[in-house]
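Engineer: Numbered according to my numbering, the sequence shown terminates at residue 566, and the numbering increases by one at each position without gaps.
C-beta: ideal position from N, C-alpha, C; glycine also.
Here it is, the structure, as structure tokens.
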Amino acid sequence: MSKYIISLLLINTTCFAASPRDYIDYYVNWYGIDYKAATAHKVFQRLKQVANKNHKFLNPKLRVLNNRGRNPWARALRDGNIVLWRSAIDASYSSSKDEFEARLAFILGHELGHLANDDYWHLKLDYKFFRRNRLFTQARMKKELAADAEGYAYAALAGYKVHLLKKSFFTNWLQKVKPPKNSAYPSIKKRLAILETYLDKIKHKYRLFEYGVRLSHFERCDDAEYFFREFQRIFPAREVLNNLGFCYLQQARQKMKREHAYFYWMPAMLDIQSLATSIVRAGSKRYLKDYVGKRSKPYLEEAIIYLKKAAASDKNYIPARINLVITYLYLGKPYKARGIIEELRRLAPNNLEIQGLLALTMYEQSEIGMNLWSLAVSKLERLITKPNAPAMITYNLARLLQIRPRPAQAEYYWNHLIDMQLKTKTKQSLKWQSSIALNWQRISQQRKLVKKLYSWGRPTYFNWQKAKLKGKIYKRPDGKLEILELDDFIQMQVLKGKNLPKSHKLPRYCKQTLQHRRLINGILWSCNDWAALSFDGKVQEVWRVLK
Numbered sequence: 020m021s022k023y024i025i026s027l028l029l030i031n032t033t034c035f036a037a038s039p040r041d042y043i044d045y046y047v048n049w050y051g052i053d054y055k056a057a058t059a060h061k062v063f064q065r066l067k068q069v070a071n072k073n074h075k076f077l078n079p080k081l082r083v084l085n086n087r088g089r090n091p092w093a094r095a096l097r098d099g100n101i102v103l104w105r106s107a108i109d110a111s112y113s114s115s116k117d118e119f120e121a122r123l124a125f126i127l128g129h130e131l132g133h134l135a136n137d138d139y140w141h142l143k144l145d146y147k148f149f150r151r152n153r154l155f156t157q158a159r160m161k162k163e164l165a166a167d168a169e170g171y172a173y174a175a176l177a178g179y180k181v182h183l184l185k186k187s188f189f190t191n192w193l194q195k196v197k198p199p200k201n202s203a204y205p206s207i208k209k210r211l212a213i214l215e216t217y218l219d220k221i222k223h224k225y226r227l228f229e230y231g232v233r234l235s236h237f238e239r240c241d242d243a244e245y246f247f248r249e250f251q252r253i254f255p256a257r258e259v260l261n262n263l264g265f266c267y268l269q270q271a272r273q274k275m276k277r278e279h280a281y282f283y284w285m286p287a288m289l290d291i292q293s294l295a296t297s298i299v300r301a302g303s304k305r306y307l308k309d310y311v312g313k314r315s316k317p318y319l320e321e322a323i324i325y326l327k328k329a330a331a332s333d334k335n336y337i338p339a340r341i342n343l344v345i346t347y348l349y350l351g352k353p354y355k356a357r358g359i360i361e362e363l364r365r366l367a368p369n370n371l372e373i374q375g376l377l378a379l380t381m382y383e384q385s386e387i388g389m390n391l392w393s394l395a396v397s398k399l400e401r402l403i404t405k406p407n408a409p410a411m412i413t414y415n416l417a418r419l420l421q422i423r424p425r426p427a428q429a430e431y432y433w434n435h436l437i438d439m440q441l442k443t444k445t446k447q448s449l450k451w452q453s454s455i456a457l458n459w460q461r462i463s464q465q466r467k468l469v470k471k472l473y474s475w476g477r478p479t480y481f482n483w484q485k486a487k488l489k490g491k492i493y494k495r496p497d498g499k500l501e502i503l504e505l506d507d508f509i510q511m512q513v514l515k516g517k518n519l520p521k522s523h524k525l526p527r528y529c530k531q532t533l534q535h536r537r538l539i540n541g542i543l544w545s546c547n548d549w550a551a552l553s554f555d556g557k558v559q560e561v562w563r564v565l566k
């Protein structure tokens, strides 16, 4: 008899796992595809670039469905698809494009969180033989909160304006799941209060992560690391791991001699003045791998740990792999760098920076009886003729020609680089500066300033005793200005709003050629003590740092 019961249970479990409702075909056949959902697909593509991935589904797909009968909002399926009903799009609609996209990003991010964690509990709600009250437990509610947190964080990391998500939206969101009366789930009102409290915590930590990104951009990773770690405690996403790895790489470079750190121009290097100095201080080494950096090696090895974790979390994640290549080159391991370069060429075959890194990696693989200098130089010479070839190609070609030596040819490219990057011109002063001055004067000694900052409302406090780092983030009520205070000094201003210049006008305000790098949420333009984040040609933020 017991064997008979066990066999029945096995049959039942098998049927449960093989239900048609677990897979996309069922939904497409029953509901049909909604082909008028361009915004949803656009949002989903941006989210995929920042979301953690399930190793089984590295490229999840979105299917938008028509309404028919009872329509949920969204679900993650066991085959790597995410389905979104027209009902969710209609419920998310707002006359504000930013708010509409933020709502969709939260919903889709929530489902990407479920998919990453192999969590398909919503599918069980449709099984008639399954007792629903068993699903609605306190443990389940915690998992739903975690998915909500992922939805919120992914939306924020992708650049959507999550601060526009209102209480009415979250109430509507929670009402889509109706637990049985005898379940352990609390009421909608209590669940809403729990969700808002939880998301407030995420908002606070994400704000710190944003300042970590800004500080690391200006090569202040000694401080930025602690901002990243605060966010990592509640959300260890690949973006955090990559940023921590990048910070250790940056700190390693700061420990190197200048001719070592700037032997090549690597992607994401924005310190043009240091690069210029290294033109005349080439040193006697012929390869980057010839340098032995005892002070920098521990930082490089730490960078490898975080960058490998970030890369392992998503096989299509390019930034962590580029940083890994650079780190391995500094460690004198060009063969390991070459393996990752081949992955990058598959992911981004037309990326000129990656092709430039390939040339350097080839040269660094040279050994006795196998000199790859001519191959590397030929590749760089071909790349330099491409439209919009980055300046790093010119710099690195000049470096290899100088090594051989080919002094006349090297001089030609050095001079060309100087013409491109370093010629000082008269430029306009920044029109978008705030009324609060950046200077080396303690805030506590400026009574009017203190009064003004506190009139904005309660600031965000942080105090990391281990790092002896404490400060505040002040935010003006209109949201157009934020101030970062570190140890009683204003270290950074962040300006936002519609009065910022168009991105094509930014070169007017820089005495050197603007440097730029692509981020998930736009392009970051840099000029000495300021940087501007733009998206679709519009400047979203300007960062000014005290130097």
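Could you check the C-alpha separation between Phe282 and Lys308 for me, to the nearest Å?
Structural biologist: When rounded, the distance between both Cα atoms is 10 angstroms.
Engineer: Spell out a yes or no on whether the region 314-330 and the region 244-262 are touching, meaning 3 or more CB-CB pairs, one atom from each, closer than 8 angstroms.
Structural biologist: Output reads yes: the region 244-262 touches the region 314-330.
Engineer: In chain order, what are the residue ranges of uninterrupted alpha helix (DSSP H) at least 4 long that sit wholly in the region 432-517?
Structural biologist: The region 432-517 contains these whole alpha helix (DSSP H) runs: 466-473.
Engineer: How long is the line joining the alpha carbons of Lys471 and Val561, rounded to whole angstroms?
Structural biologist: One C-alpha to the other measures close to 21 angstroms.
Engineer: Do the region 309-323 and the region 347-357 make contact, defined as three or more Cβ pairs closer than 8 angstroms?
Structural biologist: They touch, by the three-pair rule.
Engineer: Do you know offhand how far Ser114's Cα is from Arg466's?
Structural biologist: Their Cα atoms are separated by approximately 43 angstroms.
Engineer: Just confirm the distance between the C-beta atoms of Leu227 and Tyr173, as a whole number of angstroms; I'd bet it's less than 8 angstroms.
Structural biologist: Between Tyr173 and Leu227 the Cβ distance is about 17 angstroms, and since that is not below 8 angstroms, they are no contact.
Engineer: For Ala135 versus Asn73, is the C-beta spacing smaller than 7 angstroms?
Structural biologist: Yes, Cβ-Cβ distance for Ala135 and Asn73 is below 7 angstroms.
Engineer: Rounded to whole angstroms, what's the CA-CA distance from Val606 to His223? Just pull it up for me.
Structural biologist: Only positions 20 to 566 of the chain appear in the structure, and residue 606 is not among them; the question remains open.
Engineer: Classify Ala417 as buried or exposed, calling it buried when 16 or more other Cβ atoms lie within 10 Å of its own Cβ.
Structural biologist: Classification for Ala417: buried.
Engineer: Hey, could you find the ends of the alpha helix (DSSP H) Trp92 is sitting in?
Structural biologist: From DSSP, Trp92 is part of no alpha helix (DSSP H); its letter is neither H nor E.
Engineer: Work out the CA separation of Ile101 and Thr91 for me, nearest whole Å.
Structural biologist: For clarity, residue 91 is Pro in the given sequence; the question names Thr instead. Taking the straight line from one Cα to the other gives about 12 angstroms.
Engineer: I think Gly490 touches Lys515, with their Cβ atoms under 8 angstroms apart; what is that distance to the nearest whole Å?
Structural biologist: Incorrect: roughly 20 angstroms between the Cβ atoms, too far for contact.
Engineer: Label Val469 either buried or exposed according to how many other C-beta atoms from any shown protein chain fall within 10 Å of its C-beta, with 16 as the threshold for buried.
Structural biologist: The residue in question, Val469, is exposed, as its Cβ has fewer than 16 Cβ neighbours within 10 Å.
Engineer: What is the DSSP secondary structure of Thr32, reduced to helix, strand or coil?
Structural biologist: Reliability of the predicted coordinates at Thr32 is poor, the pLDDT of 40 falling under 50, and the value obtained from them is presented with this limitation in mind. Helix, per DSSP.
Engineer: For Ile52, does the count of other Cβ atoms within 10 angstroms reach 16, so buried, or fall short, so exposed?
Structural biologist: The residue in question, Ile52, is exposed, as its Cβ has fewer than 16 Cβ neighbours within 10 Å.
Engineer: Using the Cβ count rule (16 or more neighbours within 10 Å means buried), how would you classify Ile502?
Structural biologist: Looking at its Cβ environment, which holds 16 or more other Cβ atoms inside 10 Å, Ile502 is buried.
Engineer: Apart from the five residues just before and just after Lys147, which ones in its own chain have a Cβ nearer than 7 angstroms to its Cβ?
Structural biologist: For Lys147, the predicted structure reports a pLDDT of 49, less than 50, and the residue's modelled location is therefore unreliable. The matter cannot be settled from this model.
Engineer: Counting C-beta neighbours from all protein chains within 10 Å, is the total for Gln273 16 or more, i.e. buried, or is it exposed?
Structural biologist: Exposed, by the Cβ-count rule.
Engineer: Secondary structure at Cys266, three-state DSSP: helix, strand or coil?
Structural biologist: Of the three classes helix, strand and coil, the one that applies to Cys266 here is helix, per DSSP.
Engineer: What does a CB cutoff of less than 6 angstroms around Ile341 pick up in its chain, not counting 5 residues either side in sequence?
Structural biologist: Excluding residues within five positions, the ones whose Cβ falls inside 6 angstroms are Pro286.
Engineer: Under the DSSP definition of a beta bridge, which residues are partnered with Val561?
Structural biologist: In the DSSP output, where bridge partners are listed per residue, Val561 has Leu514 and Ala551.
Engineer: Do Asp507 and Ser463 have their CB atoms nearer than 7 angstroms?
Structural biologist: Going by C-beta atoms, Asp507 is nearer than 7 angstroms to Ser463.
Engineer: Could you check whether the region 58-66 touches the region 115-126, counting it as contact only if at least three pairs of C-beta atoms, one from each stretch, sit closer than 8 angstroms?
Structural biologist: Because the criterion of three Cβ pairs below 8 angstroms is met, the region 58-66 and the region 115-126 touch.
Engineer: For Leu28 and Leu214, what's the separation of their Cα atoms in angstroms?
Structural biologist: Residue placement at Leu28 cannot be trusted, given a pLDDT of 38 that sits under 50; the coordinates are not used to answer.
Engineer: Short of 6 angstroms in beta carbon distance, which residues of its chain neighbour Phe247, apart from the five on each side in sequence? Order them along the chain.
Structural biologist: Taken in chain order, the residues that qualify are Gly231, Val259, Asn262 and Leu263.
Engineer: I'd like the span of the beta strand (DSSP E) that includes Leu538, first residue to last.
Structural biologist: Leu538 -> beta strand (DSSP E) spans Gln534 to Leu538.
Engineer: Over the uninterrupted alpha helix (DSSP H) stretch that includes Cys529, give me the two end residues.
Structural biologist: Element bounds for Cys529: n/a, residue is neither H nor E.
Engineer: If you check the beta carbons only, do Cys266 and Glu244 fall under 7 angstroms apart?
Structural biologist: A contact, by the Cβ cut-off of 7 angstroms.
Engineer: Within a Cβ cutoff of 8 angstroms, which residues of the same chain sit near Arg193, ignoring the five residues on either side of it in sequence?
Structural biologist: For the record, residue 193 in the displayed sequence is Leu; it is not Arg. The residues are Ile207, Arg210, Leu211 and Leu214.
Engineer: Going by C-alpha to C-alpha distance, which of Tyr493, Tyr310, Gln510 and Asp438 sits closest to Gln460?
Structural biologist: Considering only alpha carbons, the answer is Gln510.
Engineer: Tell me which residue opens and which closes the beta strand (DSSP E) that Lys80 is part of.
Structural biologist: Per DSSP, Lys80 belongs to the beta strand (DSSP E) from Lys80 to Leu84.
Engineer: Please report the straight-line C-alpha distance between Ile221 and Lys524, rounded to a whole angstrom.
Structural biologist: If I take the Cα positions, the gap works out to 35 angstroms.
Engineer: Starting from Val181 and walking both ways along the beta strand (DSSP E), at which residues does that stretch end?
Structural biologist: Segment: none, Val181 is in no beta strand (DSSP E) and carries neither H nor E.
Engineer: If contact is defined by three or more beta carbon pairs under 8 angstroms, each pair taking one atom from either stretch, is the region 376-388 in contact with the region 353-367?
Structural biologist: Taking 8 angstroms as the limit for Cβ pairs, the verdict is that the region 376-388 does touch the region 353-367.
Engineer: Does DSSP put Ser114 in a helix, in a strand, or in coil?
Structural biologist: The answer is coil: DSSP assigns Ser114 none of H, G, I, E or B.
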